[in-house]
Amino acid sequence: LPELVERDLKKLTLCPPISLSNISDPCQNIPELKREVKRLIQLLMDHGVSFFITTKGDPSFLLELPGFIEYKPKFIAITIEGTPEVLGLLSPRAPSFDARIAAAGKLSSMGIDIVIRLDPVLIHLFQALYGDSWFEKIAGLLDVFAAVGAKHVTASTGRLSRKRSP
4 LPELVERDLK
14 KLTLCPPISL
24 SNISDPCQNI
34 PELKREVKRL
44 IQLLMDHGVS
54 FFITTKGDPS
64 FLLELPGFIE
74 YKPKFIAITI
84 EGTPEVLGLL
94 SPRAPSFDAR
104 IAAAGKLSSM
114 GIDIVIRLDP
124 VLIHLFQALY
134 GDSWFEKIAG
144 LLDVFAAVGA
154 KHVTASTGRL
164 SRKRSP
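The following block contains the structure:
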């Protein structure tokens, strides 16, 4: 992938920001994936390209790249779908709530702009888990995100379809 991106970058005179991981998480704990993501990010930084990474994982391995902390045209978004109980239901194999919060806090403390994606917010799930206190649980999450230094929180509601998949 880095070679394909480099070929395209050489053709451009103006490059829009590049978004990594709209579909697949680039910060999974897979050594080969981390190596290639580091190569790609280094390439983007070498070309002065703005980029945005979305992950449920820990992007701290990118701190090994020279100049990564200081490189400003970037955002790191960590997806946290809700409370630990919600994550246990929606993404049980992904990193835990505490691991994601720790990653966000670590990067933020180093001056890296962090975005939290509270996405999707399934109101009915929060209501089922927390009853009448569901809204306070969401407000509490926002307090936690602010405390770890998130500069922005993006949230979107989701809903479950009654249609059966084919």
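Our numbering applies: residue 4 is where the sequence shown begins, and numbers increase by one. All residues carry an ideal CB built from backbone N, CA and C; glycine is no exception.
Grab the span of the beta strand (DSSP E) containing residue i for me, first residue to last.
| i | result |
| --- | --- |
| I21 | I21 to L23 |
Could you tell me which of the options sits nearest to residue i, measuring between CA atoms?
| i | options | result |
| --- | --- | --- |
| D11 | P69, S111 and L46 | L46 |
| Q31 | K154, I56 and M113 | I56 |
| E67 | V40, V118, I117 and V156 | V40 |
| P19 | L7, E6, K77 and P5 | K77 |
| L4 | K37, K140, A153 and G152 | K37 |
| D122 | M48, I81, E88 and S53 | I81 |
| E73 | P87, S111, L90 and G85 | S111 |
| K14 | K140, H50 and L93 | H50 |
| L93 | R162, S22 and E6 | R162 |
| A97 | F148, I83, Q130 and F71 | I83 |
| V147 | I104, T160, K109 and F138 | I104 |
| D28 | T16, T160, F54 and D61 | D61 |
| L17 | V52, P69 and H155 | V52 |
| V118 | S159, K140 and G152 | G152 |
| K75 | E88, F54 and P95 | F54 |
| L43 | L65, E88, P95 and I141 | L65 |
| M48 | K154, I33, E9 and E35 | E9 |
| S63 | I26, A102, N25 and Y133 | A102 |
| V124 | F71, A158, K140 and I79 | A158 |
| A131 | I26, I33, E88 and F71 | E88 |
Residue i bridges to which residues according to DSSP?
| i | result |
| --- | --- |
| T82 | R120 |
| A158 | L121 |
| K77 | F54 |
Do residue i and the ligand COA come close, with the Cβ less than 7 angstroms from some heavy atom?
| i | result |
| --- | --- |
| K75 | For the structure depicted, the ligand COA is absent and the ligand set is empty, with no information on it obtainable. |
Let's test the definition: count the other Cβ atoms within 10 Å of the Cβ of residue i and tell me whether it reaches 16, buried, or not, exposed.
| i | result |
| --- | --- |
| T58 | buried |
| T86 | buried |
| F129 | buried |
| R165 | exposed |
| F138 | exposed |
| A149 | exposed |
| L90 | buried |
| L23 | buried |
Taking the continuous alpha helix (DSSP H) assigned at residue i, which residues delimit it?
| i | result |
| --- | --- |
| I56 | Looking at the DSSP string, I56 is not in any alpha helix (DSSP H); the run it does join, the beta strand (DSSP E), is F54 to T58. |
| R42 | P34 to D49 |
| E88 | P87 to L93 |
| Q130 | I126 to Y133 |
| F71 | First-last for F71: undefined, no H or E at that position. |
| L144 | W137 to A150 |
| I104 | F100 to S112 |
| K166 | It is not in any alpha helix (DSSP H) - K166 carries neither H nor E in the DSSP assignment. |
| R96 | No alpha helix (DSSP H) holds R96; DSSP gives it neither H nor E. |
| P5 | P5 to K14 |
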